[in-house]
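K.L.:
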Amino acid sequence: AVVSTQSTGEGRWEELYDEVKVLRKACGEAHLKTIIATGHLADMENVYKASMVSMMAGSDFIKTSTGKESVNATFPVALIMTRAIKHYHEHTGFKIGFKPAGGIRTAKDSLQWLVFMKEQLGEEWLHPHLFRMGASSLLGDIERQLHHYCTGRYANNAYDIGM
């Protein structure tokens, strides 16, 4: 669920809490992934607060953005969000997942995110129940890398890959 950028942008944290709480109830046993839309927030303090409020209201995952905004997953924003996850875990014992989205286009990008997650939250957060990447354009690069690994050359087009 994408949270209201109006309530987060204006610092109306109780409204955000209530919004996520309603979504949590509607989800029942299903996982709730809250999209913070960090590119619309004024500063890092609001990113931290939106992350914390979303987790306190019952989010199982917090996500940087839909991946379609002009500003998507960045390491500075991810640092703030993963620190919020760490603080929340230290105070509650609950583990919340993280999903950066947008701008992750290559296998090298994905490796940087894996290293980042291990350094920030530890090895447990490298598993899909706690970490996912919003990287719809990543598949093409992975296919190219696998083709190179198997053949010794990069694919020229989708035909070379066998799509």
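If you read the sequence shown in my numbering, its first letter stands for residue 26, the second for the next number, and so on. Positions of the beta carbon are idealized from the N, C-alpha and C atoms, including for glycine. All of these numbers come straight from a predicted model, not from anything done at the bench.
#1: Check whether the segment 48-58 and the segment 89-103 touch, using three or more Cβ-Cβ pairs below 8 Å as the test.
#2: Round the Cβ separation of K124 and R169 to the nearest angstrom and send it over; I've been treating them as touching at under 8 Å.
#3: Compare the beta carbon distance of A126 and K74 with 7 Å and say whether it is the shorter of the two.
#4: How big is the Cα-Cα spacing for T107 and H152?
#5: Look at the Cβ atom of A82, then the Cβ atom of Y113, and state whether they are nearer than 7 Å.
#6: What's the C-alpha gap between V72 and M80?
#7: Tell me, which residues are paired with K133 by DSSP?
#8: The alpha helix (DSSP H) with T59 in it runs from where to where?
#9: Within the segment 155-180, note down every full alpha helix (DSSP H) run reaching 4 residues or more, in order along the chain.
#10: V78: buried (16+ other C-beta within 10 angstroms of its C-beta) or exposed?
#11: Keeping to the same chain, check which residues put their C-beta closer than 7 Å to that of H48; ignore five residues upstream and five downstream.
P.N.:
In short, the structure shows the following:
#1: no
#2: Incorrect: roughly 24 Å between the Cβ atoms, too far for contact.
#3: no
#4: 15 Å
#5: no
#6: 12 Å
#7: Note: K133 sits in no beta bridge, so no partner.
#8: Looking at the DSSP string, T59 is not in any alpha helix (DSSP H); the run it does join, the beta strand (DSSP E), is K58 to I60.
#9: 163-176
#10: buried
#11: The sequence as given places Leu at residue 48; His does not occur at that position. A26 and L57, listed in sequence order.
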